[in-house]
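Residue numbers (our numbering), protein chains in the order written: chain A, 5 to 150; chain B, 166 to 457. Positions of the beta carbon are idealized from the N, C-alpha and C atoms, including for glycine. Every value quoted in this text rests on a predicted model; they were computed, and no experiment measured them. Following: one structure in structure tokens, then a few remarks.
As structure tokens, this is what we get:
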């Protein structure tokens, strides 16, 4: 990956740095919800409503949503910011459904939509990866080949 | 007589992969060509695979531009070299949940997928941890979790708890907890289907990357050296290696590392027009060779 400053203007670099953690947190919440859905679909007894991970997901989402709302998007970052806002909204819907229902679809559909928005955001600007490749088993040593 | 035909199918590669990533502690020792492969098992009316590779749509460009991944080809192209289509695959054994092993689930619409329950449950557990523990999520893609939900809903996900014999006739799954990952497993094919088979093959996933993990660097004084990466323990990797070696009666050629580029030195193989190598380990009765 090239340094951000070689690809982006200064204000957009600031935007990237401002929203990167929020992006990762939203990715984490989407993964947490997906994890709960796996347990539910696989027949685990723990259930989604009341699961301890749900509480931390709500907290993480609230922090991320605040950060995204307050981020100052430059013209270069406008579509990225819109994708993050949509991801926030979809995850909010999924969390609300998770509090109220044992059904999978009311949670899965918005989580899937949120994931698509995060993927779209990741394609808009450098520095937003859906998978942490730099820590992957096949990636750690590969960094030195760049 | 072989009950199953067995092939190692390359679907992509990295030209220059640092050796230290393959063998624990082998720093500053250059690079190697690293193939990405999955295993095709055909026989007894079944078509099975060990792992399914990664999804180029999701990862290919990133891998290519950041890490040197090359020549990815989809399963329909790769498997066609052995006369198989992805829709024909009946069973898939996922050795672990890293994106390059289970990232292409959706290309196998009719397969039942087997994974260790511990791999899934610890996967979900790590998601519950705070941000500073994110290293533990290495190589995991949220999209794979979503795809796993679909598998479970469709009744195509089997969570295995520990070892399971004869998951298909003559094919066993063996748990390797807290090794390369939390719930890795390896696959044993007893190709004569006898309980104490002398015709055993082991597909090691990422428990072994290369021959040196099995025999060390000195042929006259062999030793086990674990792979360069583990979220479990190196101790468990070494002990699991011993377990696998015992299961093949010490014949380490029968433990197949899918990232080893030198399988071609031990077994018949050919390179396809796409530049991908097929290694043929065994042929069942009536199955034509795909490398000659």
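- Residue environment analysis places residue 334/B among the exposed positions, since fewer than 16 neighbouring C-beta atoms fall within 10 angstroms of its C-beta.
- Shown in chain order are the members of the segment 318-343 of chain B whose Cβ falls below 8 Å from a Cβ of chain A: 318, 322, 324.
- Just so you know, the alpha carbons of residue 119/A and residue 264/B end up roughly 16 Å apart.
- Judged by their CB atoms, residue 91/A and residue 63/A are not nearer to each other than the 8 Å cut-off.
- The CB of residue 119/A comes closer than 7 Å to the CB of 307, 308, 311 in chain B, given here in chain order.
- Taking a Cβ-Cβ threshold of 9 Å, none of the residues of chain A is close to residue 446/B; the smallest such distance is about 23 Å.
- Between the C-alpha atoms of residue 41/A and residue 326/B there is a straight-line separation of about 20 Å.
- Straight-line measurement puts the Cα of residue 116/A at about 22 Å from the Cα of residue 287/B.
- By the beta-carbon neighbour count (other beta carbons within 10 angstroms, threshold 16), residue 382/B is exposed.
- Where residue 25/A is concerned, the enclosing alpha helix (DSSP H) starts and stops at 14-45.
- A straight-line Cα-Cα distance of about 10 Å links residue 247/B and residue 206/B.
- Residue pairing for residue 324/B: DSSP places it in a beta bridge opposite 280/B.
- Contact between residue 131/A and residue 24/A holds: CB atoms are separated by about 6 Å, below the 8 Å threshold.
- When Cβ-Cβ separations below 8 Å define contact, residue 289/B makes contact with chain A.
- Between the beta-carbon of residue 260/B and that of residue 277/B there is about 16 Å, and that puts the pair past the 8 Å contact cut.
- In the DSSP assignment, residue 302/B falls outside any beta strand (DSSP E), carrying neither H nor E.
- One thing to note: residue 236/B has its Cβ no nearer than 8 Å to the Cβ of residue 267/B.
- In its chain, beyond the 5 residues on either side, 260, 351, 409, 420, 421, 422, 423 have a beta carbon closer than 8 Å to the beta carbon of residue 369/B.
- Among the residues facing chain B, residue 93/A is not included, as its CB has no counterpart in that chain under 8 Å away.
- Along the segment 35-49 of chain A, the positions whose C-beta sits under 7 Å from a C-beta of chain B are 35, 36, 38, 39, 41, 42, 43, 45, 46, read in chain order.
- Taking each of 341/B, 354/B, 416/B in turn and checking the Cα distance to residue 376/B, the smallest one comes out for 416/B.
- The bridge partners DSSP lists for residue 437/B come to none.
- For residue 292/B, the residues of chain A that pass the 8 Å Cβ criterion are 32, 35, 36, 39, 57, in the order they occur in the chain.
- Around the beta carbon of residue 304/B, a 10 Å sphere encloses 16 or more other beta carbons of the protein chains shown; the residue is thus reported as buried.
- Just so you know, the alpha carbons of residue 245/B and residue 216/B end up roughly 17 Å apart.
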